[in-house]
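Q:
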Amino acid sequence: MATGGICPPRISYILAELEDVDAVFAPIKTASRVKYTCFDVSRHYVVFGTNAGGVIFLQNDTLSYIKTVTAKEGPVCQVALSPDENVVAFATR
């Protein structure tokens, strides 16, 4: 009997509703027109792209703010962290 063919999908992340998401929105709270457009999650980081061209880094376990990197090319439409968490890639429109 042959095996193989269809592989089960690899589950990378589990989405869960947090009781308090204020920490996630704290970096953009003062700028009313800035919105998150995309995100990626790794073992240690949560990275958000914004419509204002920012890439925002948060600590995964505590959701504490780390830093913002500004993309001068325009709104960020996709972010991706490398598996070893040493590189972040982003795309703009």
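Quick note: the sequence shown uses UniProt numbering, first residue 1, plus one each step. Even for Gly, the Cβ is constructed at its ideal location relative to N, Cα and C.
Can you find the residues in the same chain that come closer than 7 Å, C-beta to C-beta, to Lys-72, ignoring five residues on each side of it along the sequence?
A: The sequence position of residue 72 within the sequence shown is 72, counting from 1. Excluding sequence neighbours, Lys-72 sits near Gly-53.
Q: According to DSSP, Cys-38 sits in a beta bridge with which residue or residues?
A: Taking the first residue of the sequence shown as position 1, residue 38 is located at position 38. Partner(s): Gly-49.
Q: Any idea what DSSP makes of Val-69, helix, strand or coil?
A: By 1-based counting over the sequence shown, the position of residue 69 is 69. If DSSP states are grouped into helix, strand and coil, Val-69 belongs with the strands.
Q: Counting C-beta neighbours from all protein chains within 10 Å, is the total for Gly-49 16 or more, i.e. buried, or is it exposed?
A: Numbered from its first residue, the sequence shown carries residue 49 at position 49. Buried.
Q: Quick one: Cα of Thr-37 to Cα of Lys-29, how far?
A: Taking the sequence shown and counting its residues from 1, one reaches residue 37 at position 37. Taking the sequence shown and counting its residues from 1, one reaches residue 29 at position 29. Answer to the nearest angstrom: the Cα atoms are 15 Å apart.
Q: Can the beta-carbon of Thr-62 be found less than 9 Å from the beta-carbon of Pro-27?
A: Taking the first residue of the sequence shown as 1, we reach residue 62 at position 62. Taking the first residue of the sequence shown as 1, we reach residue 27 at position 27. No. Outside cutoff.
Q: Can you look up Val-21 in the DSSP assignment and give me helix, strand or coil?
A: One-based indexing of the sequence shown puts residue 21 at position 21. The answer is coil: DSSP assigns Val-21 none of H, G, I, E or B.
Q: Between which two residues does the beta strand (DSSP E) harbouring Gly-54 extend?
A: Along the sequence shown, read from residue 1 onward, the residue named residue 54 stands at position 54. Looking at the DSSP string, the run of the beta strand (DSSP E) that includes Gly-54 is 54-59.
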